[in-house]
């Protein structure tokens, strides 16, 4: 495995050109406009975002809606969980209520509300989405069935990939639906590749049917971590930063159909680093800024 890794590192190290990573608008551009709204999506696409990342929760009656925090008071003029409100009640809230630029609440009171996932899928039929399942108190089986039916009905199956930090939600989705690998597994592979020069991904021989495992991975370009070292008489810990390098990217790219999304790319410097590493996608908070990095 190490010999193979060395060969891949030579390829990655001396290849002069990678295709520019595709821009993923985080929550439709949370730094530019009120996140997870129609307006933010339209502006992200106007600013040349290639993919739109959206956060999903479920209303009281089980309708998928776009909202991220656990409490409505963080972004709206309401309070409490999304799941405690009916769809009709959610429509009365101002989704742009707390959004401000240098203290100016320029979108407040302009009728920007919390959209349903269905209306977004229908409104943007040619847009690719990454859907982040956030609902903290919904049953995984019910979520999976609802999302499966919605994606099929809106003919969005080939342009949607699901993500969640909660493994249970991804496990509940059918195998044929595109989804990201479990975050814990991606972190484990990344840590071993960087710190131990050990690639934990198996090479799949050409011509072998890939069941979809390990096709999509997402993780921060730079992630603060706590390293714990065990001793005979105890343990020690220290703070460190996990940073992607060519060795790690070569590990994830051991199979050609793997796609890597690097999170937290909010400067031209980090974008150029992600491009040099060969990332397929980068997640940005500001598509308005990112359009000038390519």
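Numbering (mature numbering (1 follows the signal peptide of the UniProt record, and there is no 0)), first residue to last: -19 to -1, 1 to 275.
Cβ coordinates follow ideal geometry from the N, Cα and C atoms, glycine included.
message: In the DSSP assignment, the alpha helix (DSSP H) including residue 25 goes from what residue to what residue?
response: Taken as a continuous stretch (DSSP letters only), the alpha helix (DSSP H) holding residue 25 covers 19 to 27.
inquiry  = In the DSSP output, which residue or residues are listed as bridge partners for residue 160?
reply    = Per DSSP, the beta-bridge partners of residue 160 are 143.
Next on the checklist: For residue 151, count the other beta carbons within 10 Å of its own beta carbon; 16 or more makes it buried, fewer makes it exposed. Which is it?
Outcome noted: The residue is buried, with at least 16 neighbouring Cβ atoms inside 10 Å.
- Query: Cβ-heavy atom distance between residue 155 and the ligand GDP below 7 Å?
  - Reply: The model depicted lacks the ligand GDP and carries no ligand whatsoever.
Requested in this report: Give me the Cα-Cα distance between residue -10 and residue 66, rounded to the nearest whole angstrom.
Outcome: Note that residue -10 has pLDDT 42, beneath the 50 cutoff, so the model's placement of it is unreliable and the number below is only indicative. Cα to Cα, residue -10 sits roughly 55 Å from residue 66.
- Task: Starting from residue 251, follow the beta strand (DSSP E) in both directions and report where the run begins and ends.
- Result: Residue 251 -> not in any beta strand (DSSP E); alpha helix (DSSP H) instead, spanning 249 to 258.
Exposed or buried, which one is residue 19 when buried takes at least 16 other CB atoms within 10 Å? Note on residue 19: 16 or more other CB atoms within 10 angstroms of its CB, so buried under the neighbour-count rule.
Under 8 Å: do the segment 67 to 80 and the segment 139 to 153 share three or more Cβ pairs, one atom per stretch? They do not touch, by the three-pair rule.
>> Our contact map puts residue 88 next to residue 58 with C-beta atoms below 8 Å; I'd like the distance itself, whole angstroms only.
In response: Contact doesn't hold; Cβ gap of about 12 Å is too wide.
Alpha carbon to alpha carbon, how far is residue 241 from residue 272? Give it in angstroms, no decimals. Taking the straight line joining both Cα atoms gives about 20 Å.
Exercise. So, is the C-beta of residue 136 closer than 8 Å to a C-beta in chain B?
Worked result: Of the chains in the structure shown, none is chain B; there is only one protein chain.
Review point. How about the segment 9 to 17 and the segment 118 to 136: do they share at least three Cβ pairs that are nearer than 8 Å?
Key: No, the segment 9 to 17 is not in contact with the segment 118 to 136.
* Nearest to residue 93 by alpha carbon, out of 23, 83 and 103? -> Of the candidates 23, 83 and 103, the residue whose Cα lies closest to the Cα of residue 93 is 23.
Practice item. Using alpha carbons as the reference points, say which of 40, 219, 50 and 25 lies closest to residue 68. Key: Residue 40 is the option with its Cα nearest to residue 68.
Checklist entry - Who does residue 206 pair with in a DSSP beta bridge? => result Partner(s): 221.
Ignoring anything shorter than 4 residues, give me the alpha helix (DSSP H) runs that lie fully in the segment 1 to 77, in order along the chain. If only uninterrupted alpha helix (DSSP H) runs of at least 4 residues are considered, those enclosed by the segment 1 to 77 are 19 to 27 and 68 to 71.
Helix, strand or coil at residue 168 according to DSSP, with G and I counted as helix | It is helical.
* Asked: Taking the runs of the beta strand (DSSP E) that are 3 residues or longer, which of them lie wholly in the segment 91 to 153?
  -> Complete beta strand (DSSP E) runs here, min 3: 109 to 114 and 141 to 144.
Review point. Three or more beta-carbon pairs under 8 Å between the segment 98 to 108 and the segment 135 to 146, yes or no?
Key: They touch, by the three-pair rule.
Would you kindly work out how many angstroms separate the C-alpha atoms of residue 44 and residue 225, rounded to a whole number? Their backbone Cα atoms lie some 38 Å apart in a straight line.
Check your understanding: Just checking my contact of residue 261 with residue 3 at CB under 8 Å: how many whole Å lie between their CB atoms?
Key -> Their Cβ separation, rounded to whole angstroms, is 7 Å, which keeps residue 261 and residue 3 in contact under 8 Å.
Can you give the Cα-Cα distance for residue 30 and residue 6, rounded to whole angstroms? Going by the C-alpha atoms only, they are around 6 Å apart.
| Helix, strand or coil for residue 85 per DSSP? | Strand.
Next item on the list: Hey, could you find the ends of the beta strand (DSSP E) residue 264 is sitting in?
Entry: Residue 264 -> beta strand (DSSP E) spans 262 to 265.
I need the boundaries of the alpha helix (DSSP H) containing residue 200, first residue and last residue. The continuous stretches of alpha helix (DSSP H) do not include residue 200, which lies in the beta strand (DSSP E) extending over residues 197 to 201.
message: Can you give me the C-alpha to C-alpha distance between residue 35 and residue 211, rounded to a whole angstrom?
response: So the alpha carbons of these two residues sit roughly 40 Å apart.
Measure the Cβ-Cβ separation of residue 264 and residue 244 and say whether it is below 8 Å.
-> Cβ distance < 8 Å, so residue 264 and residue 244 count as in contact.
In angstroms with no decimal places, state the Cα-to-Cα distance between residue 143 and residue 112. Answer to the nearest angstrom: the Cα atoms are 5 Å apart.
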